[in-house]
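Residues in the sequence shown are numbered from 1 upward in steps of one, following our numbering.
C-beta atoms are modelled at their ideal positions from N, C-alpha and C, and glycine is treated no differently.
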Amino acid sequence: MLSRLAEVLVPAFGRLTVTTDTRAVLAPGSIVAANHTSLADPAVVLAALHHLGVEPVVMATAGLWRIPVLGGALARGGHIPVHRNDRRAARCLDLAAAALGEGRLVLIYGEGGIPPRADSAESPPVAFRSGLARLAGRTGAPVVPVGQAGARRVTSGNVAKQIAGLATAPLRRPALHVHVGAPVRLRGDRSARTAEAHGAVTAAWLTAAALLGEPAARRFPSTAAPRHGTGRSEGRGAVPGPARQR
């Protein structure tokens, strides 16, 4: 339900396009790792993934479950509350592992939070926490890197700026782009797995940011971006096809 709602609402706030790597596969039981830059980007990523035929379980901060209507939707969809600095924190990995074992996809944000910046420009993903590496190491699930760019143009900055951005987005309709990379099997110790995941998500973000012409993407060598095909899925599991703008 949450994914379907996102695909309906996001086009009202921005112009969403989606691409996939030529080797991208969103197979059952995969971990989907995305970069986190804005309160708006979970909806953008969910809309893109729903367009590609999948509805992941989302690992999100537990405070969202206290918001009327949204909390109920999260609970009904089987999404996973993340309690930080709490004795219940380890429970979220148990729930995520169980969801993967049932063949569901799990969407996780390796950064664990939104960067504390006032501007709306893009920048590379900050350092990842260990949760993603721990989940991949425990389950052996492949990690599908997802890069999104443009969500900060919808809403970012302090509370007043976020409200203003959200209110004016339907008029501005900023460009939004999501790129799905090829899955990776994380190897090595926890630090090595974390670094590999961060590199893969950064590469996916670079493709998305470059396609939007974001200045931050120009600081990277052109060879850093993965090969990609414009993405439109014909069924469950992303298969390259023509891009569609929303």
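Within 8 Å, strictly: CB atoms of Ala33 and Ala197 | The sequence position of residue 33 within the sequence shown is 33, counting from 1. The sequence position of residue 197 within the sequence shown is 197, counting from 1. Result yes, Cβ atoms of Ala33 and Ala197 sit closer than 8 Å.
Determine the contact status of Pro125 and Trp205, defining contact as a CB-CB distance below 8 Å.
-> Start at 1 with the first residue of the sequence shown, and residue 125 comes out as number 125. Start at 1 with the first residue of the sequence shown, and residue 205 comes out as number 205. Yes. Within cutoff.
What is the DSSP secondary structure of Leu107, counted as helix, strand or coil?
-> Residue mapping note: residue 107 aligns to position 107 of the sequence shown, counting from 1. Of the three classes helix, strand and coil, the one that applies to Leu107 here is strand, per DSSP.
Can Arg117 be considered in contact with the ligand COA, in the sense that its beta carbon sits closer than 7 Å to one or more heavy atoms?
-> With respect to the ligand COA, the structure offers nothing, as it holds no ligand at all.
Straight-line Cα distance separating Phe13 from Arg172 = Position 172 of the sequence shown, counted from the first residue, corresponds to residue 172. Position 13 of the sequence shown, counted from the first residue, corresponds to residue 13. Arg172 and Phe13 have their alpha carbons spaced roughly 8 Å apart.
Which residue spans inside the stretch 107-187 form an unbroken beta strand (DSSP E) run of at least 3?
-> The stretch 107-187 contains, as complete beta strand (DSSP E) runs of 3+ residues, the segments 143-149 and 175-180 (chain order).
Keeping to the same chain, check which residues put their C-beta closer than 6 Å to that of Leu212; ignore five residues upstream and five downstream.
-> The count along the sequence shown starts at 1 and reaches residue 212 at position 212. Around Leu212: Ala149, Gly150, Ala175 and His177.
By the 10 Å Cβ neighbour count, where 16 or more other Cβ atoms means buried, how is Ile163 classified, buried or exposed?
-> The residue given as residue 163 occupies position 163 in the sequence shown. Exposed, because fewer than 16 other Cβ atoms sit within 10 Å of the Cβ of Ile163.
Burial state of Gly181, where buried means 16 or more other Cβ atoms lie within 10 Å | Here the question's residue 181 lines up with position 181 in the sequence shown. Gly181 is buried by the Cβ-count criterion.
Chain-order list of residues whose beta-carbon lies under 6 Å from that of Leu46 (same chain, five-residue window excluded) = The residue labelled residue 46 in the question sits at position 46 within the sequence shown. Cβ neighbours of Leu46 beyond the five flanking positions: Ser3 and Ala6.
Rounded to whole angstroms, what's the CA-CA distance from Leu9 to Ser123? Just pull it up for me.
-> Counted from its first residue, the sequence shown places residue 9 at position 9. Counted from its first residue, the sequence shown places residue 123 at position 123. One C-alpha to the other measures close to 25 Å.
Would you report the Cα separation of Ala60 and Leu135, rounded to the nearest angstrom?
-> Along the sequence shown, one-based indexing puts residue 60 at 60. Along the sequence shown, one-based indexing puts residue 135 at 135. C-alpha separation (whole angstroms): 15 Å.
Reference Leu166, options Gly137, Cys92, Val154 and Thr19, closest by Cα = As a position in the sequence shown, residue 166 is number 166, starting the count at 1. Check the Cα spacing between Leu166 and each of Gly137, Cys92, Val154 and Thr19: the tightest is with Val154.
Whole-angstrom C-beta distance between Val57 and Arg78, which should lie under 8 Å | The residue you call residue 78 lines up with position 78 of the sequence shown. The residue you call residue 57 lines up with position 57 of the sequence shown. Here residue 78 turns out to be Gly, not Arg, going by the sequence shown. That pair is a contact at about 6 Å.
Under the assumption that Leu105 contacts Val143 (Cβ atoms under 8 Å), give the Cβ distance between them as a whole number of angstroms.
-> As a first step, residue 105 is located in the sequence shown; it is residue number 105 there, counting from the start. As a first step, residue 143 is located in the sequence shown; it is residue number 143 there, counting from the start. Not a contact, Cβ separation roughly 11 Å.
Between which two residues does the alpha helix (DSSP H) carrying Leu5 extend?
-> Numbered from its first residue, the sequence shown carries residue 5 at position 5. Where Leu5 is concerned, the enclosing alpha helix (DSSP H) stretches over Leu2 to Phe13.
Check the DSSP bridge columns for Pro81 and list the partner residues they point to.
-> Your numbering for residue 81 matches position 81 in the sequence shown. Answer is Ala60.
Residue interval of the alpha helix (DSSP H) (run including Ala98) | Counting from one through the sequence shown, the residue named residue 98 turns up at place 98. Taken as a continuous stretch (DSSP letters only), the alpha helix (DSSP H) holding Ala98 covers Arg91 to Gly101.
Member of Ala118, Val18, His51 and Asp189 whose CA lies at the smallest distance from the CA of Ala133 | Counted from its first residue, the sequence shown places residue 133 at position 133. It is Asp189 whose Cα lies nearest to the Cα of Ala133.
Kindly indicate which residue of Leu16, Gly29, Pro215 and Ala43 has the alpha-carbon position closest to the one of Met1.
-> Against the sequence shown, residue 1 aligns to sequence position 1. With distances taken between Cα atoms, Met1 lies closest to Ala43.
Specify, as a first and last residue, the run of the alpha helix (DSSP H) that Ala48 falls within.
-> Reading the sequence shown from its first residue, position 48 is the one you call residue 48. Start and end: Asp41 to His51.
Roughly how many whole angstroms lie between the Cα atoms of Val159 and Pro170?
-> Here residue 159 corresponds to residue number 159 of the sequence shown, with the count starting at 1. Here residue 170 corresponds to residue number 170 of the sequence shown, with the count starting at 1. If I take the Cα positions, the gap works out to 18 Å.
Thr207, DSSP secondary structure in three states = Walking along the sequence shown from the start, residue 207 turns up at place 207. Thr207: helix per DSSP, three-state reduction.
Under the three-state reduction of DSSP, which class applies to Thr22: helix, strand or coil?
-> As a position in the sequence shown, residue 22 is number 22, starting the count at 1. Looking at Thr22 - three-state DSSP - the assignment turns out to be coil, as it is neither helix nor strand.
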